[in-house]
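Undergrad:
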Amino acid sequence: MFNESTGGGPDHAAILNVLARARPDGLKALAEAVLDGLGDIEVVTNRTGLVMVPLRDTVANVDFHLGEVLVSEAHITDGGGHVGYGMVTGRDLERAMAMAVIDLSIAANGAHAAVTTFIDSERAYLTAEDDMRMRQVEATRVEMETF
Amino acid sequence: MAYVATRGGEKAIDQAERLFRQDLGAIDAERVAAIRKSMPYLIDRVMGEASLYDEELAALALAQTGGELSEAVLVLRAWRTTQPRIAIAAPVQQADLLTQRRISAAFKDIPGGQILGPTLDYSHRVLATDVLEGTPFSPPEVEAADRPAPARQPALADWQRRQGLVAPATESDVAAEDIPDLTREPLLFPASRAHRLQSLARAETGGVLALGYAAMRGYGNAHPTVNELRLAEAEVVVRHPRGTSFSAGRVRVSQAEVTSKEKGGYLELGFAATFGWNEVKVIAAATLDLNSAEAPVGSAVHEEFYLYHTESVEASGFCIHFKLPHYVTFQSVLDAMRDAKAKQATASAAPAEILQTEPAE
């Protein structure tokens with residue numbers, strides 16, 4: 001299932017990674033803004049559900065199921081056959097739909113300035129968050145000495 | 001088995017539930033949010049045992065059950081069954097984890113180094129009673145390092161394999177859809193490794209600790225040393241309809257490998273992982289995994305014993321069912337007891353009569 005081609009390519013994956021973790025208020029506001037540029041939209045799916053997460057055992061390299069994660073999913077299409085899709089962890093259908101609308105907008109119209117600005121801004125924000133956390137983590141590095 | 005119908009209790013049952021909920025008071029989104037924010041490790045424990053990762057729902061389950069953990073896990077597992085399974089994520093691999101705590105007690109200089117991360121391991125356990133006197137506790141901030149820790153750390157077992165310390169392992173080629181799944185098929189013995197590790201991932205923390213501790217104290221054949229312990233975040237990698245793989249978000253996970261002794265020229269390793277940050281559970285569970293191979297049937301470290309007895313919903317359900325009416329089955333115990341007492345009374349009365357009559361003879 002996950003050994004196939006990457007479909008939309010690395011850029012698409014990078015955009016989706018940012019949208020799925022973007023701050024909700026800005027995400028929803030951007031979706032509202034780009035919605036006007038889209039034609040009629042058909043909602044294929046908008047629901048909560050579960051994603052089973054397997055994990056690879058490091059001893060015998062066996063994949064096993066760790067458990068399921070609650071996600072919200074939105075799958076939409078427009079008259080031109082373009083697909084918009086959003087999936088986010090947690091119970092927030094609006095956030096999933098906002099992600100799908102932005103994804104559809106990019107598929108149909110390309111990433112115009114507002115979208116690019118938002119994605120760049122959120123990517124920078126998320127990177128800064130991770131950077132700060134991992135600098136705090138680095139502060140706990142320990143050099144073991146034995147006597 | 002016979003059954004007895006009872007009636008007349010409906011009002012009492014209704015009032016009993018009302019009394020339970022009245023004691024807890026009103027529950028609102030604010031209260032749920034406060035639980036979620038203030039008790040992340042309790043939330044992690046509930047999510048792990050419920051096999052359902054959602055912090056908000058775990059907090060809600062704790063709020064409406066008053067922190068009764070087995071009830072909280074039960075309502076979450078029950079809710080889980082109402083949801084469709086949308087997808088199976090790409091298998092999480094250790095080297096891809098955003099690792100925030102990684103230590104080894106077996107090897108001092110591991111590739112990537114040792115990072116303590118968030119822990120109270122080396123702290124004084126002092127209750128902050130000043131808080132009750134009106135002095136809020138504000139933790140001092142971490143003095144962040146100039147550079148970030150590497151987001152990804154190599155798998156220690158891979159390093160050990162390259163040195164010939166750990167047995168080679170063949171690459172998994174099982175499709176995600178074909179991974180054995182305890183939620184859709186029964187646990188049979190001997191269990192597949194996938195079933196064993198899935199069962200341990202959702203096992204009750206206290207139960208796993210008790211049985212793992214028994215193994216550590218000498219009731220198992222292998223004493224554990226932590227080979228590698230990780231607290232981390234894993235990406236939930238799913239598939240877009242156009243085929244693009246992307247992360248829908250992150251979840252907290254714990255992993256532990258424990259090692260014991262040399263066997264067949266290699267170090268033996270036990271492994272466990274769970275949702276959330278719960279290192280006691282994964283160390284104890286990995287110890288049980290380590291001890292499984294040579295465990296005597298019926299011992300606490302035999303997989304059939306520990307997998308059955310750490311399944312929290314079944315165990316707590318079986319325990320609390322004893323509160324339900326058992327009047328008919330218990331009646332047979334009473335009948336047998338009364339019959340035995342009557343016979344005993346008859347038997348003890350007979351010699352007395354003989355004793356009384358003897359002098360007359």
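As they're listed, the protein sequences go chains Y and L.
For the first sequence, the working numbering assigns the number 1 to the initial residue and increments by one for each residue that follows.
For the second sequence, the working numbering assigns the number 1 to the initial residue and increments by one for each residue that follows.
Yeah, the Cβ is synthetic: ideal placement off N, Cα and C, and Gly gets one too.
Note that the structure is a prediction, hence the values are computed from the model and not measured.
(1) I need the straight-line Cα distance from H112 (chain Y) to I102 (chain Y), nearest angstrom please.
(2) Is the separation between the beta-carbon of E73 (chain Y) and that of A96 (chain Y) shorter than 8 Å?
(3) Strictly by DSSP, which residues pair up with M99 (chain Y)?
(4) Using beta carbons (cut-off 8 Å, strictly below), is V43 (chain Y) in contact with chain L?
(5) Which chain Y residues are close to F318 (chain L), counting only those with a beta carbon under 9 Å from its beta carbon?
(6) If I'm right that R91 (chain Y) touches T127 (chain Y) with Cβ under 8 Å, what's the distance once you round it to whole angstroms?
(7) With a cut-off of 8 Å, does the C-beta of M97 (chain Y) fall near any C-beta of chain L?
(8) For G207 (chain L) and chain Y, any beta-carbon pair shorter than 8 Å?
(9) Does Y53 (chain L) come within less than 8 Å of chain Y when only Cβ atoms are used?
(10) By Cβ distance below 8 Å, which residues in the same chain neighbour E177 (chain L) in space, the five residues on each side in sequence not counted?
(11) Going by DSSP in three states, K11 (chain L) sits in which element: helix, strand or coil?
(12) Determine which residues of the segment 130-145 of chain L have a Cβ less than 8 Å from any Cβ of chain Y, and write them out in chain order.
(13) Do you know offhand how far T6 (chain Y)'s Cα is from T81 (chain L)'s?
(14) So, helix, strand or coil for R133 (chain Y), using DSSP?
(15) Under 8 Å Cβ to Cβ from L197 (chain L), same chain only, skipping five residues before and after it: list those, please.
(16) Under 8 Å, do A149 (chain L) and E32 (chain Y) count as touching if we go by C-beta distance?
(17) For E55 (chain L), which beta-bridge partners are listed by DSSP?
(18) With a floor of 4 residues, list each alpha helix (DSSP H) that falls wholly inside the segment 214-294 of chain L, ordered by position along the chain.
(19) Have a look at L24 (chain L) and Q94 (chain L) and give me their C-alpha separation to the nearest angstrom.
(20) Where are the beta strand (DSSP E) runs, 3 residues long or more, that stay fully inside the segment 53-92 of chain L, in chain order?
(21) In this structure, what does DSSP give as the bridge partners for R47 (chain Y)?
(22) According to DSSP, is S5 (chain Y) helix, strand or coil?
(23) Please confirm if E257 (chain L) has its CB atom under 8 Å from at least one CB of chain Y.
(24) Leaving out five residues on either side along the sequence, give the residues of the same chain with a beta carbon under 6 Å from the beta carbon of H65 (chain Y).
(25) Using only the alpha-carbon positions, how far apart do I115 (chain L) and A29 (chain L) sit?
(26) Flag H12 (chain Y) as yes if its beta-carbon sits less than 8 Å from any beta-carbon of chain L, otherwise no.
(27) Opposite Q153 (chain L) in the DSSP bridges: which residues?
(28) When Cβ atoms are compared, which residues of the segment 66-93 of chain L fall closer than 8 Å to chain Y?
(29) For G113 (chain L), go through chain Y and note every residue whose CB falls closer than 7 Å to its CB, in chain order.
(30) How far does the beta strand (DSSP E) with G26 (chain Y) in it reach, from first residue to last?
(31) Select from the segment 169-186 of chain L all residues with a C-beta closer than 7 Å to any C-beta belonging to chain Y, and list them in chain order.
(32) Along chain L, in chain order, which residues have C-beta atoms closer than 7 Å to that of A60 (chain Y)?
(33) Report the rounded CA-to-CA distance for M1 (chain L) versus T329 (chain L), giving the unit in angstroms.
(34) To test your reading of the DSSP string, which unbroken alpha helix (DSSP H) runs of 4 or more residues are found completely within the segment 12-36 of chain L?
(35) Pull out every residue of the segment 228-259 of chain L whose Cβ sits closer than 9 Å to any Cβ of chain Y, in chain order.
(36) Exposed or buried, I13 (chain L), counting other C-beta atoms within 10 Å across all chains shown (16 or more means buried)?
TA: Put simply:
(1) Locating residue 112 (chain Y) in the first sequence gives position 112, where the first residue counts as 1. Locating residue 102 (chain Y) in the first sequence gives position 102, where the first residue counts as 1. Cα to Cα, H112 (chain Y) sits roughly 11 Å from I102 (chain Y).
(2) Position 73 of the first sequence, counted from the start, is the residue given in the question as residue 73 (chain Y). Position 96 of the first sequence, counted from the start, is the residue given in the question as residue 96 (chain Y). For E73 (chain Y) and A96 (chain Y), yes; Cβs fall inside 8 Å.
(3) Within the first sequence, the letter at position 99 stands for residue 99 (chain Y). Beta-bridge pairing links M99 (chain Y) to no other residue.
(4) As a first step, residue 43 (chain Y) must be located in the first sequence, where it is residue number 43. The C-beta of V43 (chain Y) comes no closer than 8 Å to any C-beta of chain L.
(5) In the second sequence, counting from the first residue as 1, residue 318 (chain L) sits at position 318. Within chain Y, no residue has its CB atom less than 9 Å from the CB of F318 (chain L), the nearest being about 23 Å off.
(6) Locating residue 91 (chain Y) in the first sequence gives position 91, counting from the first residue. Locating residue 127 (chain Y) in the first sequence gives position 127, counting from the first residue. No, R91 (chain Y) and T127 (chain Y) are not in contact; Cβ-Cβ is about 26 Å, not under 8 Å.
(7) Sequence index remark: in the first sequence, residue 97 (chain Y) carries index 97 (1-based). Among the CB atoms of chain L, none fall inside 8 Å of the CB of M97 (chain Y).
(8) As a first step, residue 207 (chain L) must be located in the second sequence, where it is residue number 207. It does not: the Cβ of G207 (chain L) has no partner Cβ on chain Y nearer than 8 Å.
(9) Here residue 53 (chain L) refers to the residue found at position 53 when the second sequence is read from its first residue. The beta carbon of Y53 (chain L) falls within 8 Å of a beta carbon belonging to chain Y, placing the residue at that interface.
(10) Within the second sequence, the letter at position 177 stands for residue 177 (chain L). Within the same chain, E177 (chain L) has close Cβ partners I88.
(11) Along the second sequence, read from residue 1 onward, the residue named residue 11 (chain L) stands at position 11. Helix, per DSSP.
(12) Hits within the stretch, in order: V142, E143, A144 and A145.
(13) Taking the first sequence and counting its residues from 1, the one referred to as residue 6 (chain Y) is at position 6. Taking the second sequence and counting its residues from 1, the one referred to as residue 81 (chain L) is at position 81. Annotation note: pLDDT 44 at T6 (chain Y) (below 50); position unreliable, no value reported.
(14) Sequence index remark: in the first sequence, residue 133 (chain Y) carries index 133 (1-based). Of the three classes helix, strand and coil, the one that applies to R133 (chain Y) here is helix, per DSSP.
(15) Mapped onto the second sequence, residue 197 (chain L) falls at position 197. Closer than 8 Å at Cβ, skipping near neighbours: F271, A272, A273 and D289.
(16) Here residue 149 (chain L) is taken as the residue at index 149 of the second sequence, counted from 1. Here residue 32 (chain Y) is taken as the residue at index 32 of the first sequence, counted from 1. No, these two residues do not count as a Cβ contact at 8 Å.
(17) Here the question's residue 55 (chain L) lines up with position 55 in the second sequence. Per DSSP, none; premise fails for E55 (chain L).
(18) Fully enclosed alpha helix (DSSP H) runs of 4 or longer: 279-291.
(19) Stepping through the second sequence from its first residue, residue 24 (chain L) is reached at position 24. Stepping through the second sequence from its first residue, residue 94 (chain L) is reached at position 94. For L24 (chain L) and Q94 (chain L), the gap between their C-alpha atoms comes out near 41 Å.
(20) Those beta strand (DSSP E) runs which fall completely within the segment 53-92 of chain L and span 3+ residues are 85-88.
(21) Locating residue 47 (chain Y) in the first sequence gives position 47, counting from the first residue. R47 (chain Y) is bridged to Y:E73.
(22) Indexing the first sequence from 1 puts residue 5 (chain Y) at position 5. Note that S5 (chain Y) scores a pLDDT of 44, beneath 50, so its modelled location is shaky; the value from the coordinates is reported in the next line. In the structure shown, S5 (chain Y) sits in coil (DSSP, three-state: anything other than H, G, I, E or B).
(23) Within the second sequence, residue 257 (chain L) is the residue found at index 257, counting from 1. In terms of beta-carbon proximity, E257 (chain L) lines the interface with chain Y, with at least one pair separated by less than 8 Å.
(24) For the purposes of this step, residue 65 (chain Y) is taken as residue 65 along the first sequence, with counting starting at 1. If we look at H65 (chain Y) and ignore the five residues flanking it on each side, its Cβ neighbours are M52 and P54.
(25) To locate residue 115 (chain L), count along the second sequence from 1; it is residue 115. To locate residue 29 (chain L), count along the second sequence from 1; it is residue 29. Rounded to whole angstroms, the separation of the alpha carbons of A29 (chain L) and I115 (chain L) is 36 Å.
(26) If you number the first sequence from 1, residue 12 (chain Y) lands on position 12. Cβ-Cβ to chain L under 8 Å: yes for H12 (chain Y).
(27) As a first step, residue 153 (chain L) must be located in the second sequence, where it is residue number 153. DSSP lists no beta-bridge partner residue for Q153 (chain L).
(28) Of all residues in the segment 66-93 of chain L, R80, Q83, P84, R85, I86, A87, I88, A89, A90, P91, V92 and Q93 have a Cβ within less than 8 Å of some Cβ in chain Y.
(29) Residue numbering aside, residue 113 (chain L) sits at position 113 when the second sequence is read from its first letter. Proximity of chain Y to G113 (chain L) at the Cβ level (cut-off 7 Å) is accounted for by R141, in chain order.
(30) By 1-based counting over the first sequence, the position of residue 26 (chain Y) is 26. Boundaries for G26 (chain Y): no beta strand (DSSP E) harbours it, while the alpha helix (DSSP H) harbouring it runs P24 to L35, taken from the DSSP string.
(31) Of all residues in the segment 169-186 of chain L, A169, T170, E171, S172, V174, A175, A176, E177, I179 and D181 have a Cβ within less than 7 Å of some Cβ in chain Y.
(32) Residue numbering aside, residue 60 (chain Y) sits at position 60 when the first sequence is read from its first letter. Residues of chain L passing the Cβ test: A169 and R193.
(33) Residue numbering aside, residue 1 (chain L) sits at position 1 when the second sequence is read from its first letter. Residue numbering aside, residue 329 (chain L) sits at position 329 when the second sequence is read from its first letter. For M1 (chain L), the predicted structure reports a pLDDT of 47, less than 50, and the residue's modelled location is therefore unreliable. The matter cannot be settled from this model.
(34) Correct list: empty.
(35) Flagged, chain order: E228, A234, E235, V236, V237, V238, R239, H240, P241, R242, G243, T244, S245, F246, S247, A248, G249, R250, V251, V253, Q255 and E257.
(36) For the purposes of this step, residue 13 (chain L) is taken as residue 13 along the second sequence, with counting starting at 1. With fewer than 16 other CB atoms across the displayed protein chains lying within 10 angstroms of its CB, I13 (chain L) is exposed.
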